[in-house]
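Peer 1:
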Amino acid sequence: MKKLSLTLLFLFTINSFSQTDSGNLENYLHAKIAAMPGETGNNFSIPTDNEVTSWTAMINSILSNDIATARTNATSVNYQIVEYTDTDIGNNDVFYVVEEKSPQSKYWGTFAFAKNAARPNLILQAPHSDFDFNTGKQAIYCFVRLNNKALFLNGTHRCNHSTLSTCAGTTTVCTGGSSEAFKISDMAHNAETMWQKTTEIIYNTITESVFFQLHGFAKKDDDPYVILSNGTDQTPTTDYAAQLKTALFAQDNTLTFKTAHLDNWDRLVGFTNTQGRLINQSNNPCNQSAQSTTGRFIHVEQEKTKLRADSTGWEKMYQALVGVFGVLMKVEDFVQIKMKSENPFKNSLTFSAENMQNILIYDILGKTIYQNKNTKELNRFTIDTKSFSNGIYFLKVTTNKGTDIKKLLRE
78 MKKLSLTLLF LFTINSFSQT DSGNLENYLH AKIAAMPGET GNNFSIPTDN
128 EVTSWTAMIN SILSNDIATA RTNATSVNYQ IVEYTDTDIG NNDVFYVVEE
178 KSPQSKYWGT FAFAKNAARP NLILQAPHSD FDFNTGKQAI YCFVRLNNKA
228 LFLNGTHRCN HSTLSTCAGT TTVCTGGSSE AFKISDMAHN AETMWQKTTE
278 IIYNTITESV FFQLHGFAKK DDDPYVILSN GTDQTPTTDY AAQLKTALFA
328 QDNTLTFKTA HLDNWDRLVG FTNTQGRLIN QSNNPCNQSA QSTTGRFIHV
378 EQEKTKLRAD STGWEKMYQA LVGVFGVLMK VEDFVQIKMK SENPFKNSLT
428 FSAENMQNIL IYDILGKTIY QNKNTKELNR FTIDTKSFSN GIYFLKVTTN
478 KGTDIKKLLR E
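Everything in the sequence shown is counted per the numbering used here, starting at 78 for the first residue and increasing by one.
#1: Out of Thr164, Met394, Thr331, which one is the CA nearest neighbour of leucine 321?
#2: When you compare only the Cα positions, how much space is there between threonine 97 and histidine 338?
#3: Please report the straight-line C-alpha distance between isoleucine 436 and serine 286, rounded to a whole angstrom.
#4: With a threshold of 6 Å on Cβ separation, who are the neighbours of threonine 370 within its own chain once the five nearest residues in sequence on each side are excluded?
#5: Based on Cα-Cα distance, which residue from Arg148, Lys484, Ile375, Lys383 lies nearest to alanine 319?
#6: In the DSSP output, what is tyrosine 161 paired with across the bridge?
#7: I'd like to know whether the C-beta atoms of glutamine 215 and leucine 291 end up nearer to each other than 8 Å.
#8: Give me whichever residues DSSP pairs with arginine 487 in a beta bridge.
#9: Does tryptophan 185 come within less than 8 Å of chain D when only Cβ atoms are used?
#10: Using the three-state DSSP reduction, which class does methionine 489 fall into: helix, strand or coil?
#11: Rounded to a whole number of angstroms, what is the C-alpha to C-alpha distance between glutamate 176 and threonine 427?
#12: Once you ignore the five residues that flank aspartate 316 on each side, which residues in its own chain have a CB closer than 7 Å to its CB?
#13: Indicate the three-state DSSP secondary structure (helix, strand or coil) for methionine 406 in the structure shown.
#14: To which residues does DSSP link threonine 427 through a beta bridge?
#15: Run through the DSSP bridge pairs and tell me what arginine 336 is partnered with.
#16: Got a sec? Which residues, its chain only, sit under 6 Å from isoleucine 123 by beta carbon, not counting five neighbours each side?
#17: Helix, strand or coil, according to DSSP, for histidine 292 in the structure here?
#18: Between the C-alpha atoms of isoleucine 482 and alanine 112, what's the straight-line distance to the nearest angstrom?
#19: Within the chosen definition, does the region 161–176 reach the region 203–211 through at least 3 CB pairs nearer than 8 Å?
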């Protein structure tokens with residue numbers, strides 16, 4: 078009997094901590110939204126410095142495709158990384174779902190990454206996935222079909238925690254009338270979250286990454302159906318907001334629009350959004366407005382009936398994003414770093430790549446150790462690493478075709 082009990086316990090343990098799964102990824106992620114805590118409960122937790130350190134190492138490892146190391150760091154913060162094969166809509170595409178283990182205590186959100194992204198610079202975010210009706214489901218719908226790099230879903234209702242954020246901006250959504258500061262559980266208005274940290278890491282790691290953040294609003298008589306913003310009133314060199322407007326109108330010519338930097342529009346434009354401020358290079362995303370724009374943050378406010386109500390509207394958003402990010406990267410388009418020295422390395426690193434524009438080496442915590450803009454237009458580099466401490470490093474090379482990252486070990 079004792080032997081049987083131990084066998085059952087072993088099987089239960091294996092099943093409970095299984096980090097592979099398959100099926101319909103849409104349904105899998107819908108369940109995350111359905112299970113999130115509501116507008117009370119104080120479930121959301123502000124991460125500690127040590128937790129941020131582990132999380133940073135985890136995300137860096139995912140981006141360099143070192144899932145074993147990522148899982149080790151995930152465990153230390155009660156998260157796990159499920160390798161999920163979408164056997165339904167995703168055509169057997171593989172995704173890494175970063176989710177909190179049960180019992181939950183952090184509620185930082187769920188983050189999904191495409192293993193082999195067809196659109197490696199596109200990030201979708203739904204910070205109010207349930208409160209802004211169906212924006213989470215809309216984001217999921219687009220993600221599994223676009224096979225873009227990453228998807229962010231919040232972990233609780235935006236009003237879940239009673240503590241007010243110290244970041245700029247006010248709202249009436251949690252009071253129903255009187256204006257107050259945003260709550261710390263509002264992912265779009267708190268800079269001390271894993272949501273913000275993950276945005277920062279991806280923004281700094283993936284060259285030309287573009288973040289589309291989906292929101293919903295109650296339309297007034299003089300409002301358009303869609304309000305677009307890059308988080309500022311400035312016009313960027315590459316105007317993804319304007320491109321999305323054109324692509325959405327091609328899907329539904331009954332849509333009306335206002336674009337903050339083109340139409341002098343100031344309602345629901347996300348100027349206090351902490352991800353937008355970060356991406357637009359504010360020195361203090363919590364309290365300081367961005368003075369310029371990178372164009373890489375797109376804040377999308379949507380009236381309910383046209384785009385959010387059901388899959389008919391979600392399909393319009395999906396097709397519009399295909400219109401903006403329609404060219405899939407071919408294998409030959411990816412940067413290939415050719416290592417000329419051994420890994421693990423000791424006193425020097427030698428590598429080559431064509432048309433290198435920037436070379437960056439950073440450690441497991443994301444600290445920059447070496448950077449070179451390659452103003453001499455070299456195709457081969459040898460870097461003196463005698464002063465490097467033993468440990469894990471990442472070599473990031475940006476060329477005119479994109480970015481490649483290699484994991485390296487000094488010993």
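Here a beta-carbon is modelled for each residue, glycine too, at the ideal position from N, C-alpha and C.
Peer 2: Taking the coordinates as given:
#1: Taking the sequence shown and counting its residues from 1, the one referred to as residue 321 is at position 244. Taking only the C-alpha atoms, the option nearest leucine 321 is Met394.
#2: Against the sequence shown, residue 97 aligns to sequence position 20. Against the sequence shown, residue 338 aligns to sequence position 261. Each residue's alpha carbon lies about 44 Å from the other.
#3: The residue given as residue 436 occupies position 359 in the sequence shown. The residue given as residue 286 occupies position 209 in the sequence shown. Cα to Cα, isoleucine 436 sits roughly 17 Å from serine 286.
#4: For the purposes of this step, residue 370 is identified with residue 293 of the sequence shown, where counting begins at 1. Closer than 6 Å at Cβ, skipping near neighbours: Asn307, Thr309, Gln311, Pro313, Asn357.
#5: Taking the first residue of the sequence shown as position 1, residue 319 is located at position 242. It is Ile375 whose Cα lies nearest to the Cα of alanine 319.
#6: Translated into positions along the sequence shown, residue 161 becomes position 84. Tyrosine 161 is bridged to Asp98, Phe172.
#7: The count along the sequence shown starts at 1 and reaches residue 215 at position 138. The count along the sequence shown starts at 1 and reaches residue 291 at position 214. Taking 8 Å as the Cβ cut-off, glutamine 215 and leucine 291 qualify as a contacting pair.
#8: The count along the sequence shown starts at 1 and reaches residue 487 at position 410. According to DSSP, arginine 487 bridges with Phe422, Gly468.
#9: Any reference to chain D falls outside this structure, which holds one protein chain only.
#10: Residue 489 is absent from the model: the chain starts at 78 and stops at 488.
#11: Position 99 of the sequence shown, counted from the first residue, corresponds to residue 176. Position 350 of the sequence shown, counted from the first residue, corresponds to residue 427. Cα to Cα, the separation comes out at about 38 Å.
#12: Mapped onto the sequence shown, residue 316 falls at position 239. Excluding positions up to five away in sequence, the list reads Gly372.
#13: Reading the sequence shown from its first residue, position 329 is the one you call residue 406. Note that methionine 406 has pLDDT 43, beneath the 50 cutoff, so the model's placement of it is unreliable and no number is given.
#14: Reading the sequence shown from its first residue, position 350 is the one you call residue 427. Threonine 427 pairs with Thr459.
#15: As a first step, residue 336 is located in the sequence shown; it is residue number 259 there, counting from the start. According to the sequence as given, residue 336 is threonine; it is not arginine. In DSSP, threonine 336 forms a bridge with Leu305.
#16: Position 46 of the sequence shown, counted from the first residue, corresponds to residue 123. Cβ within range, chain order: Glu269.
#17: On the sequence shown, position 215 is the one that residue 292 refers to. Strand.
#18: Within the sequence shown, the letter at position 405 stands for residue 482. Within the sequence shown, the letter at position 35 stands for residue 112. Whole-angstrom Cα-Cα distance: 35 Å.
#19: no
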